[in-house]
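Structure, as structure tokens:
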Amino acid sequence: MNSEFQLALPRQFQENLIAKKWETLVNQEFQGNWQFPDQEIAAQDVPVKIKNISLKVLTHLEKPALQPQQTSLLLMSKDLKAQLVIGEVSVDHIVERVVGGIVGRFRVQASCKNVSLIMKPGQGSMSLALRPSVGANTASAVVQEVRVAWAPGSWNSEGIHCEGVEGFADLLKTEIDKMANDSESFIQPKKDLIKKYVESYLQDLKLDFSSPRQLIVSRPDIRVLMKVDQYTDQGEAGALVQGHLQIEFLKSPDEEVTNLTLSPGSMVGGGAEAQILLPKDFVKQVLAKAYSANAWLHQITSDKLPGFSSLMNSRFLQFFVWPALRDYAKSTKFLFEVYSNKDMEIQGAGLQYQVKANMYSRMRAPRSGAYVPFVNWSVPLNSKINLQIANGKASATFINPTLGLTPYYDASYVAKYSPNRRILYGTIRDKVLAGIWGKTLSFEIPQLPLMEGVSLKVKKVLAPANQDLILQLAP
């Protein structure tokens, strides 16, 4: 079965969605190890080569938030740690000097190797300016700007060891100090490269809601996938998600695929909370498929069966109604396996239905540590069922039910145990019927897994009967 759906997400949800995207950044350390190209500068007309430059940063980023009327995020570093590493600063140059009218050429060589500078605590800052980007089926961000800055005197040296001609070694140390004390001059030529490093780092944090998400349902024979076909950012109006639910009934022999579509012109949205729109026959068709012939089996113990507990607790009542029960302790739990070899008939729409089912139940009794066949029942049921949905749960109430009960002792049980086969099934039927009249059964509604780590639960129903079903959702 395939069913269309529309999902309206208000702007606040979009903001929460974006915040969810960056939650990983907030909860873990941001790490960068940025390698920069070699460069050459002039110091006192002498070319100085700087090789193997890298800047390592380690920090936590403050949790982002969209401000009203703003569409950009600013992430600020907290407790920034940094290490500036320079593989080599060197000079190898021919210097001309005039001495006594004679021009002399001197080769000057000096170098400082494996320079390591550690940033002092609280002396540096880093910020990322990001613009959310919502595509057809992904949520990511465009890195607008990366800023890294520090004040003069922010670095501690682990010892700068230089070799070479006296004076020129001091010149190299001076250039290293200039580099460390002027963050603007150091960072500005490298801003585009740093931006690319950050963009690459953030690629792993992209949220992709195009991948099918499986809903967790209580019946293992039913498989539900939620597939998003289109995600449209509508600005201040919120976002509209269009897709379909793919529902597989693994035990159903019917291989025909039912396609449910939304009514023409039907739209969802306009509220302050998230909403989902489903075809008006969605509930009816799902129930019909789930309870088609030979496609289901429910197990229930006798202590959960309405009206049966009073029969088990009264030996006097058992004597007249079902003598074979006297062979068992009052606390005995019989097992009922309920099924049907015919399709369930379902009429109605919205949340009100008339259900007619010809069911059967295999009743099993505990003997020697195992359940053995005991009595088989034919159980025709006809009832109005009202559904209610609230806070992630659906409740079904039986209204004006009619029930039939016809017992058949299992032949193997009769042959082995020779029970008294008298059963006043009319009395049992009346007790069970009285137990289910107005009885409300509740079960969890599967949450909608919009994307990894983001699921929505059904809060309540908004649409009236005979229209496409609108459900209000909450995180």
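Those letters in the sequence shown? Residues 1 to 475, per the working numbering, in order.
Note that CB positions come from ideal geometry on N, CA and C, so glycine has one too.
Assign residue i to one of two classes, buried (16 or more other C-beta atoms within 10 Å of its C-beta) or exposed (fewer than that).
i: ILE94; result: exposed
i: TYR231; result: buried
i: PRO10; result: buried
i: ASP468; result: buried
i: ARG219; result: exposed
i: GLN69; result: Confidence at GLN69 is low in this model, with a pLDDT of 47, below 50, so the placement of that residue is unreliable and no value is reported for it.
i: ARG326; result: exposed
i: GLU4; result: buried
i: PRO189; result: exposed
i: MET1; result: buried
i: ALA474; result: exposed
i: ALA237; result: exposed
i: ALA82; result: buried
i: GLU345; result: exposed
i: TYR408; result: exposed
i: VAL458; result: buried
i: VAL142; result: exposed
i: LEU297; result: exposed
i: THR59; result: buried
i: LEU305; result: buried
i: LYS482; result: In this structure the chain extends from 1 to 475, so residue 482 is not present and cannot be described.
i: PRO497; result: Since the first and last residues shown for the chain are 1 and 475, residue 497 lies out of range.
i: ILE216; result: exposed
i: ALA499; result: Because the chain spans 1 through 475 in this model, residue 499 falls outside it and cannot be assessed.
i: GLN6; result: buried
i: GLU96; result: exposed
i: LEU471; result: buried
i: VAL224; result: buried
Please report the residue range of the beta strand (DSSP E) in which residue i lies.
i: GLY164; result: 162-164
i: ASN294; result: Note, ASN294: premise wrong, no beta strand (DSSP E); not H, not E.
i: GLN35; result: 30-36
i: LEU215; result: 213-215
i: ALA43; result: 39-43
In the DSSP assignment, what are the bridge partners of residue i?
i: GLU4; result: HIS244
i: THR440; result: THR397
i: LEU339; result: Just to set this straight, residue 339 is Tyr in the shown sequence, not Leu. LEU297, TYR360, per the DSSP bridge assignment.
i: THR232; result: LEU240
i: LEU469; result: LEU278
i: TRP155; result: MET119
i: TRP150; result: GLY124
i: ASP92; result: GLN109
i: GLN354; result: GLN347, LYS384
i: ASP9; result: A small fix is needed here, since residue 9 is Leu in this sequence, not Asp. DSSP, once it has assigned bridges, lists ALA239 as partnering LEU9.
i: PRO366; result: TYR371
i: LYS460; result: ALA390, GLN472
i: PRO253; result: Beta-bridge pairing links PRO253 to no other residue.
i: ARG97; result: GLY104
i: VAL286; result: Bridge partners of VAL286: none, in fact.
i: MET226; result: ARG213, LEU245
i: ILE86; result: ILE53, VAL115
i: ARG131; result: VAL142
i: LYS78; result: HIS60
i: LEU448; result: LEU456
i: LEU477; result: With the chain covering 1 to 475 only, the question about residue 477 has no answer from this structure.
Which residue comes first and which comes last in the alpha helix (DSSP H) that contains residue i?
i: THR59; result: THR59 -> not in any alpha helix (DSSP H); beta strand (DSSP E) instead, spanning 46-61.
i: PHE106; result: Where PHE106 is concerned, there is no enclosing alpha helix (DSSP H), although the beta strand (DSSP E) it sits in stretches over 102-119.
i: SER200; result: 191-202
i: ALA481; result: Nothing can be reported for residue 481: it is not among the residues displayed for the chain, which extend from 1 to 475.
i: VAL321; result: 315-321
i: LEU311; result: 308-312
Determine whether the Cβ of residue i lies closer than 7 Å to any Cβ atom of chain C.
i: MET126; result: The chain inventory of the structure shown lacks chain C, comprising one protein chain alone.
With a floor of 3 residues, list each beta strand (DSSP E) that falls wholly inside the segment 371-420, ordered by position along the chain. Listed in chain order, the beta strand (DSSP E) runs fully inside the segment 371-420 are 393-403, 406-409, counting runs of at least 3 residues.
The segment 428-445 in contact with the segment 383-402 per 3-pair CB rule at 8 Å: Segments in contact, yes.
So does the segment 271-278 actually touch the segment 308-319, counting three or more Cβ pairs closer than 8 Å? Too few Cβ pairs lie closer than 8 Å, so no.
The segment 335-347 touching the segment 293-301, judged by at least three CB pairs closer than 8 Å: By the C-beta criterion, the segment 335-347 is judged to be in contact with the segment 293-301, since at least 3 inter-stretch pairs fall below 8 Å.
Given 8 Å as the limit, is there contact between the segment 323-337 and the segment 259-275, that is, 3 or more CB pairs closer than that? No, they do not touch.
With contact counted as at least three CB pairs below 8 Å, one residue from each stretch, are the segment 411-419 and the segment 180-187 in contact? By the Cβ test, the segment 411-419 is not in contact with the segment 180-187, since fewer than three Cβ pairs between them sit closer than 8 Å.
Could you tell me whether the segment 151-160 touches the segment 102-120, using the rule of 3 or more Cβ pairs below 8 Å? Counting C-beta pairs closer than 8 Å gives three or more between the segment 151-160 and the segment 102-120, which meets the contact rule.
Counting Cβ pairs, one atom from each stretch, are 3 or more of them under 8 Å apart for the segment 36-46 and the segment 251-267? No, the segment 36-46 is not in contact with the segment 251-267.
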